[in-house]
Structures are given as structure tokens and as C-alpha cells.
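In my numbering, the protein residues as written are 2 to 131.
Below you can see the structure in the form of C-alpha cells.
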């Protein structure tokens, strides 16, 4: 599996309990609010290291921002200074920014979180047999 695909899967796995409605690139039609959508902008480093900018948009519908703020805060807390190891990939993440996105439709509330990610392919072993 490609390292970018491994990283996408690792982010979804890592945030699964924090953000159960987390989608890559776009939310499906009719997605239940609140939900989150993430994108990875990557610069491939050397020796298998990936440097990536992770953007997560957290969205909710309505005028009470409690749910969107709570979800954004939970995601930020889960990923800021995070170190994750699983399924052939390891990554560390650091929060960069948190900002409100002004929507034309005032019934949609959106918060954008950005993170710096450094990911590495890990060596899988079979019971110490290599």
C-alpha cells in the first residue's frame, strides 16, 4: 500500500472514536452533522519520510456552535503533539492553526484545523524473524 494511503488510513483509525463521521476530501451527500472532512497536502521527503499539511474542516448545521466547537476541540486535543504507530506507518502531528470559516449560508458553521504531519514507514517484523 502506498504510504500516503497508509497515512490517510492511520488518521481515520486514530480519530475514529473522537470523530466518527470523518471523511477524506468531501462528505457524502446527506452526511449527518456534525462531521469532519480532511485533506492532506504532501511533500515527499527523503528516506521514506513524508511531510504533510493536514487540514480538517469541522462542520455543523444550526446556530448553536457548541457541537462544532466541542468536536473541533476534541480533534485538536487528539492530534496536537500526537505520536501514532500502526500498520506500517508512524506519524507525529502538531497543531498549527484553528480558525472559523465564514459561510454564505449562516446556518452552516465551520472550523478549520491545520496540522503539520511527519510520517515514516515502519519496518514490520514477523515475531522477530524479520
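Backbone N, C-alpha and C define an ideal beta-carbon position, used for all residues, glycine too.
All figures in this text were calculated on a predicted structure; none of them were measured in a lab.
For residue 35, same chain residues with a beta-carbon under 6 Å away, outside a window of 5 residues either side, are 61, 68, 69, 72 in chain order. Comparing alpha carbon positions, the residue from 88, 121, 95, 65 closest to residue 78 is 95. For residue 71, the enclosing alpha helix (DSSP H) has its first and last residue at 67 to 80. Assignment of beta-bridge partners to residue 85 by DSSP yields 92. Counting C-beta atoms within 10 angstroms of its own C-beta, residue 92 has 16 or more neighbours from the protein chains shown and is therefore classed as buried. For the options 38, 53, 21, the alpha carbon positioned closest to that of residue 45 is the one of 53. Here the alpha carbon of residue 27 sits roughly 28 Å from the alpha carbon of residue 49. Annotation: the continuous beta strand (DSSP E) that includes residue 52 extends over 50 to 62.
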